[in-house]
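*Asks:*
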Amino acid sequence: DQQVKQNSPSLSVQEGRISILNCDYTNSMFDYFLWYKKYPAEGPTFLISISSIKDKNEDGRFTVFLNKSAKHLSLHIVPSQPGDSAVYFCAATSQVAGAQKLVFGQGTRLTINP
Amino acid sequence: KAGVTQTPRYLIKTRGQQVTLSCSPISGHRSVSWYQQTPGQGLQFLFEYFSETQRNKGNFPGRFSGRQFSNSRSEMNVSTLELGDSALYLCASSRGLSYGYTFGSGTRLTVV
Chain S
-17 DQQVKQNSPS
-7 LSVQEGRISI
3 LNCDYTNSMF
13 DYFLWYKKYP
23 AEGPTFLISI
33 SSIKDKNEDG
43 RFTVFLNKSA
53 KHLSLHIVPS
63 QPGDSAVYFC
73 AATSQVAGAQ
83 KLVFGQGTRL
93 TINP
Chain B
-12 KAGVTQTPRY
-2 LIKTRGQQVT
8 LSCSPISGHR
18 SVSWYQQTPG
28 QGLQFLFEYF
38 SETQRNKGNF
48 PGRFSGRQFS
58 NSRSEMNVST
68 LELGDSALYL
78 CASSRGLSYG
88 YTFGSGTRLT
98 VV
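Listed in order, the protein sequences are those of chains S and B. Counting in this note's numbering, the final residue of the first sequence is number 96, and the numbers go up one at a time with none missing. Counting in this note's numbering, the final residue of the second sequence is number 99, and the numbers go up one at a time with none missing.
Written out as structure tokens, the structure is:
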């Protein structure tokens, strides 16, 4: 039972264009969402998060959108840069349940082409 | 500012042995979590400790255990190792959910 799903295993985008990574969840108890970036042989790096009381959060080139009714979130990267090539994971948690456990999607490998 | 430090980086063990992995969180972070990453299952939550108390536990057998010391450093132990325990084990620390969890580089465990 995969509660957090990233249906695109890979995505290829041209440098300078927008990258859009998608994530769906099934558990209605999830009320906080995070995006991580992971390079090979390193641990995941926190990028940006959003609480369910918001529908958008921005941090520099990164914007996360949350559609609670559709149980869908997306990460927009504008403009995309070669250093953005990595595996991106979305994660969800429930603050009501204590928020100690992050449930991760399977990841999307983003490749930025020059 | 030092990050989350995990030791050792790589480990090879034989089936049936036990292993202990160590994690030093960022100074001031009292929450430490452990995750297992495998190609088939992705990143899965093992357990989380706060002030030496386990607050949450994932769906792993009792062979997987952990503890946290008074200085917030944490260890996880896997007993009676199985081939399927081969994975990257990641530790993360946090000072609050809105700051995200900061992960270490992990310990790559290979069971032969």
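All C-beta atoms in this analysis are idealised placements derived from N, C-alpha and C, irrespective of residue type, glycine included. Remember, predicted model here, so these are calculated numbers, not experimental data.
With distances taken from CA atoms, which of 91/B, 89/B, 84/B is nearest residue 14/S?
*Replies:* Minimum Cα distance to residue 14/S is reached at 84/B.
*Asks:* Any idea what DSSP makes of residue 68/B, helix, strand or coil?
*Replies:* In this structure, residue 68/B counts as coil in the three-state DSSP scheme.
*Asks:* Using a Cβ cut-off of 8 angstroms (strictly closer), state whether residue 35/B contacts chain S.
*Replies:* Cβ-Cβ to chain S under 8 angstroms: yes for residue 35/B.
*Asks:* Please name the residue in 47/S, 30/S, 28/S whose C-alpha comes closest to that of residue 37/S.
*Replies:* Checked all of 47/S, 30/S, 28/S; the closest Cα to residue 37/S is 47/S.
*Asks:* What is the rounded straight-line gap between the Cα of residue -9/B and the Cα of residue 66/S?
*Replies:* Looking at the two C-alpha atoms, the distance is approximately 22 angstroms.
*Asks:* From 63/B, 75/B, 87/B, pick the residue whose C-alpha is nearest to that of residue 28/B; which is it?
*Replies:* Looking at the Cα atoms, 75/B is the closest of the given residues.
*Asks:* Could you tell me if residue 90/S is buried or exposed, where buried requires 16 or more neighbouring beta carbons within 10 angstroms of its beta carbon?
*Replies:* By the 10 Å Cβ count, residue 90/S comes out buried.
*Asks:* Between which two residues does the beta strand (DSSP E) holding residue 31/S run?
*Replies:* 27 to 33 is the span of the beta strand (DSSP E), which, as asked, contains residue 31/S.
*Asks:* For residue 88/B, does the three-state DSSP call read helix, strand or coil?
*Replies:* If DSSP states are grouped into helix, strand and coil, residue 88/B belongs with coil.
*Asks:* Around the Cβ of residue -2/S, are there at least 16 other Cβ atoms within 10 angstroms (buried) or fewer (exposed)?
*Replies:* Residue -2/S should be labelled exposed.
*Asks:* Output the distance between the C-alpha atoms of residue 70/B and residue -9/S, rounded to the nearest integer angstrom.
*Replies:* C-alpha separation (whole angstroms): 26 angstroms.
*Asks:* By the criterion of Cβ-Cβ separation under 7 angstroms, what are the contact partners of residue 20/B in chain S?
*Replies:* Here the neighbours are 82.
*Asks:* Given a threshold of 16 other Cβ atoms within 10 Å of its Cβ, counted over all protein chains shown, does residue 61/B qualify as buried or as exposed?
*Replies:* That one is buried.
*Asks:* Would you verify that the beta carbon of residue 34/S is, or is not, closer than 8 angstroms to some beta carbon of chain B?
*Replies:* Residue 34/S does not count as touching chain B.
*Asks:* Measure the Cβ-Cβ separation of residue 88/B and residue 14/B and say whether it is below 8 angstroms.
*Replies:* It is not a contact, given that the beta carbons lie outside the stated cut-off.
*Asks:* Comparing the C-beta of residue 85/B with each C-beta of chain S, is any distance below 8 angstroms?
*Replies:* Closer than 8 angstroms to some Cβ of chain S, the Cβ of residue 85/B qualifies, so yes.
*Asks:* From residue 11/B to residue 28/S, what distance separates their C-alpha atoms?
*Replies:* Their Cα atoms are separated by approximately 18 angstroms.
*Asks:* Which residues bound the beta strand (DSSP E) around residue 97/B?
*Replies:* It spans 94 to 98 - the beta strand (DSSP E) in which residue 97/B sits, taken as one unbroken run.
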